[in-house]
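J.: In order, the protein sequence lines correspond to chains C and W.
Under UniProt numbering, the first residue of the first sequence is numbered 1, with each subsequent residue one higher.
Under UniProt numbering, the first residue of the second sequence is numbered 1, with each subsequent residue one higher.
Note that the Cβ used here is the ideal one computed from N, Cα and C, for glycine as well.
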Amino acid sequence: MRSIRAAAVGAVTMSLALAASACGGGSSTGGGSNDSPRELTYWASNQGASVEIDKKVLQPELDKFEKETGIKVKLEVVPWSDLLNRILTATTSGQGPDVLNIGNTWSASLQATGALLPWDAKNFDRIGGRDRFVESALGSTGVQGQDPAAVPLYSMAYALYYNKKMFAEAGVSGPPATWDELVETGRKISEDGKWALGAEGSNLSNNIHQVFVLGKQHGADFFTPDGKPDFTSDGAVAAVKQYVDLMAKDKVIAPGNAEYAQNQSLGDFAKGKTAMVLWQTASATFKTMGMKDDEWGVAPAPVPSGAPGTGAQTNSMVAGINMAVFKNSDNVDGATKFVEFMTSDAEQKILNKAYGSIPPVKAAQSDPAFNGPATGVLRETLATSAAALPQVPDESQFETAVGTAVKELFADAAAGRPVTTESVKAKLAKAQQQMPTK
Amino acid sequence: MTTTTAPAGPGGRTVGKSSPGAARGPRRRTGRIRRIGLPYLLLLPALLLELLVHLVPMVIGIVMSFKELTQFHIRDWTTAPWAGLDNYAMSVDFNAPVGEALLHSFLVTCAFTLLSVGLCWFIGTAAAICMQDTFRGRGLLRALFLVPYALPVYAAVITWAFMFQHDNGLVNHVLHDQLGLTDKPSFWLIGDNSFIALLVVSVWKGWPFAFLIVMAGLQNIPRELYEAAALDGAGVIQQIRRITLPSLRPVNQVLVLVLFLWTFNDFNTPFVLFGKAAPEAADLISIHIYQSSFVTWNFGAGSAMSVLLLLFLLLVTGVYLFLTSRERRSARV
Chain C
1 MRSIRAAAVG
11 AVTMSLALAA
21 SACGGGSSTG
31 GGSNDSPREL
41 TYWASNQGAS
51 VEIDKKVLQP
61 ELDKFEKETG
71 IKVKLEVVPW
81 SDLLNRILTA
91 TTSGQGPDVL
101 NIGNTWSASL
111 QATGALLPWD
121 AKNFDRIGGR
131 DRFVESALGS
141 TGVQGQDPAA
151 VPLYSMAYAL
161 YYNKKMFAEA
171 GVSGPPATWD
181 ELVETGRKIS
191 EDGKWALGAE
201 GSNLSNNIHQ
211 VFVLGKQHGA
221 DFFTPDGKPD
231 FTSDGAVAAV
241 KQYVDLMAKD
251 KVIAPGNAEY
261 AQNQSLGDFA
271 KGKTAMVLWQ
281 TASATFKTMG
291 MKDDEWGVAP
301 APVPSGAPGT
311 GAQTNSMVAG
321 INMAVFKNSD
331 NVDGATKFVE
341 FMTSDAEQKI
351 LNKAYGSIPP
361 VKAAQSDPAF
371 NGPATGVLRE
381 TLATSAAALP
391 QVPDESQFET
401 AVGTAVKELF
411 ADAAAGRPVT
421 TESVKAKLAK
431 AQQQMPTK
Chain W
1 MTTTTAPAGP
11 GGRTVGKSSP
21 GAARGPRRRT
31 GRIRRIGLPY
41 LLLLPALLLE
51 LLVHLVPMVI
61 GIVMSFKELT
71 QFHIRDWTTA
81 PWAGLDNYAM
91 SVDFNAPVGE
101 ALLHSFLVTC
111 AFTLLSVGLC
121 WFIGTAAAIC
131 MQDTFRGRGL
141 LRALFLVPYA
151 LPVYAAVITW
161 AFMFQHDNGL
171 VNHVLHDQLG
181 LTDKPSFWLI
191 GDNSFIALLV
201 VSVWKGWPFA
211 FLIVMAGLQN
221 IPRELYEAAA
231 LDGAGVIQQI
241 RRITLPSLRP
251 VNQVLVLVLF
261 LWTFNDFNTP
271 FVLFGKAAPE
281 AADLISIHIY
291 QSSFVTWNFG
301 AGSAMSVLLL
311 LFLLLVTGVY
321 LFLTSRERRS
331 ARV
């Protein structure tokens, strides 16, 4: 019997969640109600340096909401590594929170489950209308042509953070604007145990963000217009090769970065071991790592040539967090009120200031706090040169499959194995063949 | 030993001892029912829970393996369209990427299990034999040996993950910086060496269990056997070969089976060491199935792979139990 139990581990684990739903009395297919109007459960994603810091940021705001509406919000801050699985379990069991945060790149994948409340015109009107939000942020809320599955809450973009002292020591006057300049600058800096650029080679999502942007610069989207995987196009192969070559050929990324997945590259940056990182909203993290604001600078992420813009000049993905409501909530009206509160102009300013992100609400963006040296670059990037990741139901699988391929290529580069166009194409072909075919 | 004593009913009373003739039949029947039924009645709660907690989900898992279950139907899995044998066909099509990756993962798991179980058994047995004779500090050493077994798996494996880090890990510091055994610091958590890293952690946390079981088994071997063998001129090696190992055979049969099943299905060690995308060289089947199910959201295929794994383990366990019981039977004859 033990052997049977042991062998069925995969099936049983999944089935347990489903069996629990059958026993728990909840309905995963329920349509929602207002049976419990005085209470809400909110799963917040971990935005700050720790879960505790998030609680400190959010709790006063939730208390404010309770005072205004009489609705008590039970908060749980969920670490990133657990969030998608928790959402998936909640979706199958129907025992999830009323309101939750989702990574904006998952919007279309989670929309496909049918578990999230669609934000049609009526629902948008209840929170002040669709026009309040920046268009680029709305581009990451679900499949185009369908009602969004979520509402933008925090917006982020990639930028190039650089260490001013290391640049001065290497005799480099300013941050690179193009990839050629970055490699050239990198070669001047990469010596005596110092490296030019940090990377997170084993972090699948980060890999995807970087190669997606490079893909845009090479004219590739990774998906065809009708949503089919297209990982082996010339542009996609060139993008992945260019990114891995920063370690394999250009030698501006330390080989050790191939196994980084827990933001170690930020630690190296703060310690002066690497001079640059391509990151989204890193200022708060640098502060917690003991860096002073004047020790680092921010510039737009590199482009092939010229200045950032759209198409081949795209230099960031639209990063950010969305807010969604579970369709089967017992307090749909309260949940909508809570989304209205969190996306109000005043709360947007408070929350985005706390997290160093940019408000996706137009009116809140005008606050001077979002026009500083760091936030100004991020805001400009979001407005002019950021593109949303493909909003297709298979996006989550794409992150895993192609993110793993890039991780394996980094492992080859770190071990000194050649990374060629053929080897990149073979890895991407394997990733594409692992994608669902139906 | 046989006995002619009348069977006792519940509470030790002799059933029907003073029953008058007319009532003897029905009462005796009631007593028998009570006698036979009570154990089943007592077992019923456990049986029901076993059904609810294990069997029902397992059956659901098997049903899922015949479904086309992706994110589109995960909210209510019963609505997923039937896939027939498609999930199985895809899993065993070794010329296509999904089947090829599953076969690769299966072979990696077989090699890993063989090495890990073998090393755990060997180290555990050797340590238990060394600890058999009393000497000063034996208790302390025994307690130390059991530390890896007593530590929470998650905490222990995270510590190993830190030690295996390329830039700041203790393993590279010792092997490269201090002993100079490698030309440059090695990668242990990515690439081909990840298999070795996984094996080291697995053996480190598995051998104390073998040590514990073998040590208990050694207590049952009479000391006189060794004394007689020593008088006959048998050396230590001969004593181990002729007395210790044959006497430990029943213990080892269970030990190897349990270690095999635990190691083949080990999920915690690779997951904590490598995260949700293990390197190809250390892609154990448990992680592979997890990835197929929960990361790529293809639950039907993941369930089919689980069922295939279940069948394989059932087959191996069945053959193993048949062979070992046949040995016992022939030994009795």
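Closest to C:T310 by CA distance: which of C:A386, C:A364, C:A282 is it?
T.: Here residue 310 of chain C refers to the residue found at position 310 of the first sequence. It is C:A386 whose Cα lies nearest to the Cα of C:T310.
J.: Compute the Euclidean distance between the alpha carbons of W:V200 and C:N85, then round it to the nearest angstrom.
T.: As a working mapping, residue 200 of chain W is identified with position 200 in the second sequence. As a working mapping, residue 85 of chain C is identified with position 85 in the first sequence. Looking at the two C-alpha atoms, the distance is approximately 29 Å.
J.: Residues of chain W with CB under 9 Å from C:T232, in chain order?
T.: Indexing the first sequence from 1 puts residue 232 of chain C at position 232. Result: empty, since nearest Cβ-Cβ is about 13 Å, beyond 9 Å.
J.: Might you give, ordered along the chain, the residues of its own chain that have their beta carbon closer than 8 Å to the beta carbon of W:I62, omitting 5 neighbours on each side?
T.: Counting from one through the second sequence, the residue named residue 62 of chain W turns up at place 62. Excluding residues within five positions, the ones whose Cβ falls inside 8 Å are S303, V307.
J.: Anything in chain W within Cβ reach of C:N85, meaning under 7 Å, just list it in chain order.
T.: The residue you call residue 85 of chain C lines up with position 85 of the first sequence. The contacting residues are F294.
J.: Contact between the stretch 188–196 of chain C and the stretch 272–283 of chain C is defined here as three or more beta-carbon pairs at a separation below 8 Å; is this criterion met?
T.: yes
J.: Residues of chain C with CB under 8 Å from W:V97, in chain order?
T.: As a first step, residue 97 of chain W is located in the second sequence; it is residue number 97 there, counting from the start. Note that residue 97 of chain W is Pro in the sequence shown here, rather than Val. Correct list: K430, Q433, Q434.
J.: By a C-beta neighbour count over all protein chains shown, 10 Å radius and 16 as the cutoff for buried, is C:K292 buried or exposed?
T.: Counting from one through the first sequence, the residue named residue 292 of chain C turns up at place 292. By the neighbour-count rule (16 or more Cβ atoms within 10 Å), C:K292 is not buried but exposed.
J.: Assuming W:F318 and W:K67 form a contact by the criterion Cβ under 8 Å, report the distance between their Cβ atoms to the nearest whole angstrom.
T.: The residue you call residue 318 of chain W lines up with position 318 of the second sequence. The residue you call residue 67 of chain W lines up with position 67 of the second sequence. Note on identity: in this sequence residue 318 of chain W is Gly, with Phe being the wrong assignment. With a Cβ gap of about 28 Å, W:G318 and W:K67 do not count as contacting.
J.: Please tell me whether W:R136 has its Cβ less than 8 Å away from any Cβ of chain C.
T.: The sequence position of residue 136 of chain W within the second sequence is 136, counting from 1. Taking Cβ atoms only, chain C never reaches closer than 8 Å to W:R136, which makes this a no.
J.: For the stretch 62–75 of chain W, list every residue whose C-beta sits within 8 Å of some C-beta in chain C, in sequence order.
T.: Contact residues of the stretch 62–75 of chain W toward chain C are I62, M64, S65, E68, T70, Q71, F72, I74, R75 (C-beta to C-beta distance below 8 Å).
J.: C:N123 bridges to which residues according to DSSP?
T.: Within the first sequence, numbered from 1, the residue matching residue 123 of chain C stands at position 123. C:N123 pairs with nothing; no bridge assigned.
J.: Relative to chain W, which residues along the stretch 380–401 of chain C have a C-beta separation below 8 Å, given in chain order?
T.: So the close ones are P393, S396, Q397, T400, A401.
J.: Mind checking W:F112: buried by the 16 CB within 10 Å criterion, or exposed?
T.: Within the second sequence, numbered from 1, the residue matching residue 112 of chain W stands at position 112. Looking at its Cβ environment, which holds 16 or more other Cβ atoms inside 10 Å, W:F112 is buried.
J.: Once the 5 residues before and after W:P185 are set aside, which same chain residues still bring their CB inside 7 Å of it?
T.: Within the second sequence, the letter at position 185 stands for residue 185 of chain W. For W:P185, where only same-chain residues beyond five positions count, the Cβ hits under 7 Å are H166, N172, H176.
J.: How would you write the range of the alpha helix (DSSP H) that C:Y162 sits in, first residue to last?
T.: By 1-based counting over the first sequence, the position of residue 162 of chain C is 162. No alpha helix (DSSP H) holds C:Y162; the beta strand (DSSP E) holding it covers 158–163.
J.: Taking only beta carbons into account, state which residues of the stretch 102–131 of chain C come closer than 7 Å to chain W, listed in chain order.
T.: Against chain W - using a Cβ distance shorter than 7 Å - the residues of the stretch 102–131 of chain C are S109, A112, T113, G114, A115.
J.: Could I get the ranges of all uninterrupted alpha helix (DSSP H) runs contained in the stretch 38–72 of chain C, with 4 residues as the minimum, in chain order?
T.: 51–69
J.: Note down, in chain order, every chain W residue with its Cβ under 8 Å from the Cβ of C:E259.
T.: Against the first sequence, residue 259 of chain C aligns to sequence position 259. Under the 8 Å cutoff, chain W gives Q165, H166, F187, L189, I190.
J.: Whole angstroms is fine: what's the gap from W:D232's alpha carbon to W:L314's?
T.: Reading the second sequence from its first residue, position 232 is the one you call residue 232 of chain W. Reading the second sequence from its first residue, position 314 is the one you call residue 314 of chain W. If you take the alpha carbons of W:D232 and W:L314, they lie about 45 Å apart.
J.: Cβ of W:E224 less than 8 Å from any chain C Cβ?
T.: Position 224 of the second sequence, counted from the start, is the residue given in the question as residue 224 of chain W. For W:E224, the answer is no, since every Cβ of chain C falls outside 8 Å of its Cβ.
J.: Using a threshold of 8 Å, state whether the C-beta atoms of W:F211 and W:G124 are closer than that.
T.: As a first step, residue 211 of chain W must be located in the second sequence, where it is residue number 211. As a first step, residue 124 of chain W must be located in the second sequence, where it is residue number 124. Closer than 8 Å, so yes.
J.: Quick one, which of C:S283, C:V392, C:S33 has its alpha-carbon nearest C:A157's?
T.: Counted from its first residue, the first sequence places residue 157 of chain C at position 157. Of C:S283, C:V392, C:S33, the residue nearest in Cα terms is C:S283.
J.: Does at least one heavy atom of the ligand SAH sit under 7 Å from the Cβ of W:P148?
T.: Absence of the ligand SAH from the depicted structure is noted, as is the absence of any ligand whatsoever, leaving it without description.
J.: Assuming contact is defined by CB atoms lying nearer than 8 Å, are W:G206 and W:T159 in contact in what I supplied?
T.: In the second sequence, the residue the question calls residue 206 of chain W occupies position 206. In the second sequence, the residue the question calls residue 159 of chain W occupies position 159. It is not a contact, given that the beta carbons lie outside the stated cut-off.
J.: Less than 8 Å between the CB atoms is what I'm expecting for C:P152 and C:N104, so what's the real figure, rounded?
T.: Start at 1 with the first residue of the first sequence, and residue 152 of chain C comes out as number 152. Start at 1 with the first residue of the first sequence, and residue 104 of chain C comes out as number 104. Here C:P152 really is in contact with C:N104; their C-beta atoms are around 7 Å apart, less than 8 Å.
J.: Between the Cα of C:L113 and those of C:K122, C:D120, C:S93, C:G128, spot the shortest distance and give me the residue it belongs to.
T.: Taking the first residue of the first sequence as position 1, residue 113 of chain C is located at position 113. The sequence given here has Thr at residue 113 of chain C, not Leu. The residue with the shortest Cα to Cα distance from C:T113 is C:S93.
J.: Residues of chain W with CB under 8 Å from C:T92, in chain order?
T.: The residue you call residue 92 of chain C lines up with position 92 of the first sequence. Correct list: I74, R75, W77.
J.: Specify, as a first and last residue, the run of the beta strand (DSSP E) that C:V298 falls within.
T.: Taking the first sequence and counting its residues from 1, one reaches residue 298 of chain C at position 298. Here the beta strand (DSSP E) through C:V298 covers 296–300.
J.: If you count every other CB in all the chains shown that lies within 10 Å of the CB of W:G21, and 16 or more means buried, which is it?
T.: For the purposes of this step, residue 21 of chain W is taken as the residue at position 21 of the second sequence. Any reading at W:G21 must be qualified, since the residue scores a pLDDT of 46, below 50, and its modelled position is unreliable; no value is offered.
J.: Applying the 10 Å Cβ sphere with the 16-neighbour rule, what's the burial state of W:N168?
T.: On the second sequence, residue 168 of chain W is found 168 positions in, with the first residue counted as 1. Flag for W:N168 reads exposed.
J.: Quick one: list the residues of chain C neighbouring W:W297, beta-carbon separation under 7 Å, in chain order.
T.: Position 297 of the second sequence, counted from the start, is the residue given in the question as residue 297 of chain W. Those within 7 Å of W:W297 in chain C are S396, Q397.
J.: Which residues, in order along the stretch 262–284 of chain W, keep a beta-carbon less than 9 Å from a beta-carbon of chain C?
T.: W262, F264, N265, F267, F274, G275, K276, A277, P279, E280
J.: Rounded to whole angstroms, what is the Cα-Cα separation between C:A415 and W:N265?
T.: Stepping through the first sequence from its first residue, residue 415 of chain C is reached at position 415. Stepping through the second sequence from its first residue, residue 265 of chain W is reached at position 265. C-alpha separation (whole angstroms): 29 Å.
J.: Which class does C:L75 belong to by DSSP, given the choice of helix, strand or coil?
T.: As a first step, residue 75 of chain C must be located in the first sequence, where it is residue number 75. Residue state, collapsed to three classes: strand.
J.: Let me check understanding here. Comparing Cα to Cα, which of C:S45, C:D147, C:A299, C:A108 lies closest to C:F398?
T.: Taking the first sequence and counting its residues from 1, the one referred to as residue 398 of chain C is at position 398. Minimum Cα distance to C:F398 is reached at C:A108.
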